[in-house]
Structure formats: structure tokens, C-alpha cells
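Below: one structure, written as C-alpha cells.
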Amino acid sequence: MSDPQSKVSKELEPWSHLNGKVVLITGASSAARRLDLLISVCDLINAQYSETPRAVALELDVTAEPQAVEAAIQKAWSAFGQIDVLINNAGLRGSASSAMKITKEQWEHVLKVNLYGAWICSKYVALQMKASKVEGSIINISSISGLSRVQSTGSVAYSSSKAGMHALTSVMALELGAYNIRVNTIAPSIFRSEITEELLNQKWFLGVVNKIVPLPYHKSTIETAFLPLIQYLIDDSSKYVTGNIFIVDGGSSLAGVPLYSSL
3 MSDPQSKVSK ELEPWSHLNG KVVLITGASS AARRLDLLIS VCDLINAQYS ETPRAVALEL
63 DVTAEPQAVE AAIQKAWSAF GQIDVLINNA GLRGSASSAM KITKEQWEHV LKVNLYGAWI
123 CSKYVALQMK ASKVEGSIIN ISSISGLSRV QSTGSVAYSS SKAGMHALTS VMALELGAYN
183 IRVNTIAPSI FRSEITEELL NQKWFLGVVN KIVPLPYHKS TIETAFLPLI QYLIDDSSKY
243 VTGNIFIVDG GSSLAGVPLY SSL
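In terms of the working numbering, the sequence shown is numbered consecutively and its last residue is 265.
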């Protein structure tokens, strides 16, 4: 007999139970040194399910030529027989540089990973979904840096790439809707993670954040910040949701936030 509380939870929040969904996540291993760790995590997950694999680590360079990306997507599709959801998570910020000082190589590298990577992966996953009549979901992980009201000096390539991702989301949502494929973007601000841990422990930074952010979002982790939103966009509950930019930033991008007067 199932736990009554779990039954109620499933009825009220069906996206908290995602059984049967095949999800491809790019950028799960941000560097070669983490690839072995990713494979080990997959092995641990599969050890709990003896009948069929539940997790597979595949090598996919989102900046590669189209033929290489297509082959990797096909390999990922073949691993489970289909892909229900693509999460374009691969990305990088690049070095801080103004529009007048950034080099061609720096610009191209950021745009290639953040924008080209999201487009090329979405293209080949969408083609597979269309051919197999899979009613899928594409979720782009962007940033509030792509919003017109949240810009900062030294991030010309990064902000441009994220703004481009927002436009990509809108256009692909228009084009893929006919095939019941929805496309949405999540635009987070900073949250507690391995990358930001050191910064969030700095008193000066916390002093600024506490003044300009309505909600204490810096205390959130990926699990509490926007994982529930990702789960919702994966689940069929969001079947009528597409073309949206979901901002998850504790209110820091609101027009009334006194950014400069707080520094």
C-alpha cells in the first residue's frame, strides 16, 4: 500500500515524480577532470536498478561540428530509445572584458559554447522528437545577464550570448509548437553552489546582496532555487507552457532594486 502522504503529494505536485522521462543534460561534466566522477555517479545509480540502466554518461562537445553533435545526440537517443527532455545546461562566463578590449577568440568561444551549443543540440534533438512524434520539452539554462534591465560592464560576450538564448527560445517555441515540442528558458541569478561558495562567504559581497536583493536567495542551492521549476517543465503538467523566460533571482532584477546606490 502506498504512503497516503506520497499519494497526495503526487496528485498536488505530479512533477515531483518523473518516472518514465528520459532527460538529456548537457554540461553535466564541465571539465575532463570531472568526467570520471560523472561516470561513477551513473554507475551508482545503475547499481540500484539491475534490470535496465537508468543513467548513461556520453561525451558531447557542444562546440563541435554539426555532424559530430548529431552523432552524439543519436547515441544518446539510442541509449534509451528516445529523449523526452533536453536541458541545455552547458555554458561558461568567460573572462571579464569590455567591448573594446575583448578579442575575437574570447568572443567566439563564449558565443560558441553558450549560444551555438544550445541551438545545435536543440536542433538535432528536435529533429529526432519530430520524426518519432515525441511530445518533448527543451529547457535552456540561461542567466538574468541576458535581460535588458540587468547588464554589467565587462560581460559583453556573456550577456550577448544569454540574450541570444532568450531569442532562440522564443523563435524555436514558435517553430516547434506544431510538433507539440515546447521550449522554455530559466534565467537564474547567483545561488549557492561549488562555484560560488567562496564568493558567498565574503562579508563584503553578502553586505551588498543583503541590500539589493529582496529575497535572501544567496542562501538557496540549486535544489531549492530552481530544481522544482525544472521538474515542472519536464513533467506533462507544463504541456501548455512554452516560449517563456522564467526568472529565478530572488527579485534582484526588479526595476526598483537600488543597485548602484547600495554599492
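By construction, the Cβ of each residue, glycine as well, lies at the ideal position given by its N, Cα and C atoms.
Just so you know, these numbers come straight off a predicted model, no measurement behind them.
Delimiting residues of the beta strand (DSSP E) encompassing residue i
| i | result |
| --- | --- |
| residue 187 | 184-190 |
| residue 134 | That residue, residue 134, is in no beta strand (DSSP E); its alpha helix (DSSP H) goes 119-134. |
Helix, strand or coil at residue i according to DSSP, with G and I counted as helix
| i | result |
| --- | --- |
| residue 232 | helix |
| residue 26 | strand |
| residue 104 | coil |
| residue 217 | coil |
| residue 61 | coil |
| residue 202 | helix |
| residue 255 | coil |
| residue 110 | helix |
| residue 295 | Outside the displayed range of the chain (3 to 265) lies residue 295, so it cannot be described from this structure. |
| residue 181 | helix |
| residue 49 | helix |
| residue 227 | helix |
| residue 115 | helix |
| residue 147 | helix |
Nearest-angstrom Cα separation, counted from residue j out to residue i
| i | j | result |
| --- | --- | --- |
| residue 97 | residue 213 | 27 Å |
| residue 100 | residue 113 | 15 Å |
| residue 142 | residue 172 | 11 Å |
| residue 206 | residue 53 | 52 Å |
| residue 89 | residue 75 | 13 Å |
| residue 240 | residue 234 | 6 Å |
| residue 49 | residue 72 | 29 Å |
| residue 203 | residue 250 | 21 Å |
| residue 228 | residue 69 | 33 Å |
| residue 200 | residue 146 | 21 Å |
| residue 133 | residue 150 | 36 Å |
| residue 248 | residue 209 | 27 Å |
| residue 81 | residue 230 | 26 Å |
| residue 62 | residue 125 | 15 Å |
| residue 35 | residue 169 | Since pLDDT at residue 35 reaches only 48, below the 50 mark, its modelled position is unreliable, and no value is offered. |
| residue 65 | residue 118 | 7 Å |
| residue 27 | residue 104 | 30 Å |
| residue 106 | residue 87 | 34 Å |
| residue 55 | residue 111 | 35 Å |
| residue 140 | residue 191 | 20 Å |
| residue 157 | residue 121 | 21 Å |
| residue 264 | residue 127 | Summary for residue 264: the model assigns pLDDT 42, below 50, so the residue's position carries little reliability; its value from the coordinates is reported in the next sentence. Approximately 44 Å, taken between the alpha carbons. |
| residue 123 | residue 193 | 26 Å |
| residue 242 | residue 102 | 43 Å |
Sheet register partners of residue i (DSSP bridge)
| i | result |
| --- | --- |
| residue 250 | 190 |
| residue 87 | 25 and 139 |
| residue 99 | 157 |
Residue i, enclosing alpha helix (DSSP H) - first and last residue
| i | result |
| --- | --- |
| residue 178 | 158-178 |
| residue 71 | 68-82 |
Cβ-based neighbour list, residue i, same chain, cut-off 6 Å, excluding 5 preceding and 5 following
| i | result |
| --- | --- |
| residue 175 | 185, 244 and 245 |
| residue 33 | Residue confidence for residue 33 is low, a pLDDT of 48 falling below 50, so the modelled location carries little weight; the figure read from the coordinates is stated next. Excluding residues within five positions, none has a Cβ falling inside 6 Å. |
| residue 131 | 138 and 183 |
| residue 144 | 164, 167, 187 and 189 |
| residue 109 | 159 |
| residue 116 | 93 and 163 |
| residue 51 | none |
| residue 129 | none |
Cβ neighbours of residue i in the same chain (closer than 8 Å, five flanking residues each side left out)
| i | result |
| --- | --- |
| residue 216 | 252, 253, 254, 256 and 259 |
| residue 60 | 74, 77, 78 and 81 |
| residue 155 | 100 |
| residue 91 | 27, 28, 29, 30 and 143 |
| residue 95 | 112, 157 and 160 |
Own chain partners of residue i with C-beta closer than 7 Å, once the 5 adjacent residues on each side are dropped
| i | result |
| --- | --- |
| residue 266 | The requested residue 266 is not part of the displayed model; the chain covers only 3 to 265. |
| residue 84 | 24, 134 and 136 |
| residue 161 | 147, 148 and 153 |
| residue 179 | 244 |
CB contact check: residue i to chain B, cutoff 7 Å
| i | result |
| --- | --- |
| residue 63 | As a matter of chain content, chain B is missing from the structure shown, which is built from one protein chain. |
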